[in-house]
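Start counting at 1 in the sequence shown, then tack on 235, and there's your number in the numbering used here.
Note that the Cβ used here is the ideal one computed from N, Cα and C, for glycine as well.
If you're wondering where the values come from, they're calculated on a predicted model, not measured in any experiment.
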Amino acid sequence: MPDNDMTPASNNKEYGVHIPMENSGFFLKGSAHLYWGMKNRLSRIFNPESGRTVMLAFDHGYIMGPTSGLERLDLVVPPLIPYVDCLMGTRGALRTCISPETNKPLVLRCSTGATVLKELSNEIIGVTLEEALAMNAAAVTTQVCIGAEGERETLDNLAYLINEGNRYGVPTLGVTAVGKEMLRDARYLGLACRVIAELGAHFVKTYYCEPGFDTVVAACPVPIVIAGGKKLPELDALKMAYKAIDQGAMGVDMGRNIFAAEDPAAMAQAVGAVVHRFEKPEQAYALYNDLKRNT
Ligand code: 5RP
Numbered sequence: 236m237p238d239n240d241m242t243p244a245s246n247n248k249e250y251g252v253h254i255p256m257e258n259s260g261f262f263l264k265g266s267a268h269l270y271w272g273m274k275n276r277l278s279r280i281f282n283p284e285s286g287r288t289v290m291l292a293f294d295h296g297y298i299m300g301p302t303s304g305l306e307r308l309d310l311v312v313p314p315l316i317p318y319v320d321c322l323m324g325t326r327g328a329l330r331t332c333i334s335p336e337t338n339k340p341l342v343l344r345c346s347t348g349a350t351v352l353k354e355l356s357n358e359i360i361g362v363t364l365e366e367a368l369a370m371n372a373a374a375v376t377t378q379v380c381i382g383a384e385g386e387r388e389t390l391d392n393l394a395y396l397i398n399e400g401n402r403y404g405v406p407t408l409g410v411t412a413v414g415k416e417m418l419r420d421a422r423y424l425g426l427a428c429r430v431i432a433e434l435g436a437h438f439v440k441t442y443y444c445e446p447g448f449d450t451v452v453a454a455c456p457v458p459i460v461i462a463g464g465k466k467l468p469e470l471d472a473l474k475m476a477y478k479a480i481d482q483g484a485m486g487v488d489m490g491r492n493i494f495a496a497e498d499p500a501a502m503a504q505a506v507g508a509v510v511h512r513f514e515k516p517e518q519a520y521a522l523y524n525d526l527k528r529n530t
């Protein structure tokens, strides 16, 4: 039932953007009725004190090969681990470049089948839930390409992870991948996030947008974390994180804006200050510069 009257508006009272959703007994939005194991895994990804997370995304190579700033996973990622809450990567990157002694939770990228050289929405699931459990994953993830050629297949991939993950108490992160031909606006992202949540994903990764990010969050009944997207000047990236948190995001799943920063470890800490302590971007940027000077 297509409906042309779908445009979100920040001041539209139907979204109730100032009325938080009731969480009844568990700190995470939309998660009160999950199994104990699911809640336990989510409590490793999201800090129960702040309710938020800084995830470090370094799965870019699965479609892009040696991404700028991430040419040497073994040199770039390990020094950042102490400063983030959670890691998001592929099993190959983890097995080869990340020490199994790390106690940070892992969100395991499970999709494959497409690269930047071809159609990105033409994906399949390449990592089973049994393998994810063998990797001790705290959650599994795949991307959904709403409106793209492979929309149905990518939703099928997400459904597989959710169905299998539900059997083992492993939550699923649904990622909104946005093709070049799509507008990253509140109407599109709101639709994509809601579709992912209604299919049963336990949290959603999307892009910050303005205006109307608050309506994207309000209409999505599970936590949203934002991707960083292309590399921005550090202060701009901190401003984006701040605005996203201010409008209800539960954290970030940031890659390039951390690992490609001039000082990645300082940037990870500055992003953490915004996400967990809701520091103003200018204060977090001052922290970034202090940490940078002292290294
Ligand atoms: C792609 C992903 C990537 O991990 C993520 O979007 C990259 O993070 P960033 O945009 O912050 O570099 O999920 O589907």
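Cβ neighbours of N371 in the same chain (closer than 8 Å, five flanking residues each side left out): In the sequence shown, counting from the first residue as 1, residue 371 sits at position 136. Excluding residues within five positions, the ones whose Cβ falls inside 8 Å are L341.
Same chain only: Cβ atoms within 6 Å of K515, ignoring 5 sequence neighbours per side: The residue given as residue 515 occupies position 280 in the sequence shown. Cβ within range, chain order: n/a, list empty.
Check whether the segment 298–311 and the segment 244–263 are in contact - that is, three or more C-beta pairs closer than 8 Å. no
For N239 and R422, I'd like the C-alpha separation in whole angstroms. Locating residue 239 in the sequence shown gives position 4, counting from the first residue. Locating residue 422 in the sequence shown gives position 187, counting from the first residue. Residue placement at N239 cannot be trusted, given a pLDDT of 47 that sits under 50; the coordinates are not used to answer.
Does P301 pass the burial test, meaning 16 or more other C-beta atoms within 10 Å, or should it be called exposed? Indexing the sequence shown from 1 puts residue 301 at position 66. Its Cβ having fewer than 16 others within 10 Å, P301 is exposed.
Assuming the contact rule is C-beta atoms closer than 8 Å, S388 and E365 should be a hit. Round their C-beta distance to whole Å, please. Sequence index remark: in the sequence shown, residue 388 carries index 153 (1-based). Sequence index remark: in the sequence shown, residue 365 carries index 130 (1-based). Sequence inspection shows Glu at residue 388; the Ser mentioned does not correspond to that position. With 8 Å as the limit, E388 and E365 do not qualify as a contact, their Cβ atoms being about 22 Å apart.
Give me, in chain order, the residues of the same chain whose beta-carbon lies closer than 6 Å to that of V413; leave out the 5 immediate sequence neighbours on both sides. The residue labelled residue 413 in the question sits at position 178 within the sequence shown. Only R419 meet the Cβ criterion.
If you draw a straight line from the alpha carbon of P237 to that of P446, how long is it in whole angstroms? Position 2 of the sequence shown, counted from the first residue, corresponds to residue 237. Position 211 of the sequence shown, counted from the first residue, corresponds to residue 446. Here the model assigns P237 a pLDDT of 48, short of 50, so the residue's position is not dependable, and the following value carries that caveat. The alpha-carbon atoms of P237 and P446 are separated by roughly 23 Å.
Roughly how many whole angstroms lie between the Cα atoms of K409 and Y520? Position 174 of the sequence shown, counting from 1, holds the residue named residue 409. Position 285 of the sequence shown, counting from 1, holds the residue named residue 520. Note on identity: in this sequence residue 409 is Gly, with Lys being the wrong assignment. Answer to the nearest angstrom: the Cα atoms are 30 Å apart.
Given 7 Å as the limit, tell me if V410 has its C-beta closer than that to any heavy atom belonging to the ligand NAD. Summarising the ligand content, the structure contains the ligand 5RP and does not contain the ligand NAD.
Compare the beta carbon distance of R176 and L343 with 8 Å and say whether it is the shorter of the two. Any answer about residue 176 is impossible in this case: the structure gives the chain only from 236 up to 530.
Can you give me the Cβ contacts of G265 inside the same chain, cut-off strictly under 6 Å, excluding the 5 residues immediately before and after it? On the sequence shown, position 30 is the one that residue 265 refers to. For G265, where only same-chain residues beyond five positions count, the Cβ hits under 6 Å are P456, V457.
Classification of K415 by the beta-carbon crowding that lies within 10 angstroms, buried from 16 upward: Along the sequence shown, read from residue 1 onward, the residue named residue 415 stands at position 180. Result: exposed.
Spatially closest choice to C444 from G483, F513, V506, by CA coordinates: Within the sequence shown, residue 444 is the residue found at index 209, counting from 1. C444 has its Cα closest to that of G483, out of G483, F513, V506.
Spatial neighbours of V451 in its chain, beta-carbon cut-off 8 Å, leaving aside the 5 residues before and after: Position 216 of the sequence shown, counted from the first residue, corresponds to residue 451. Contacts found: P243, A421, L424, G425, C428, T441, C444, I459.
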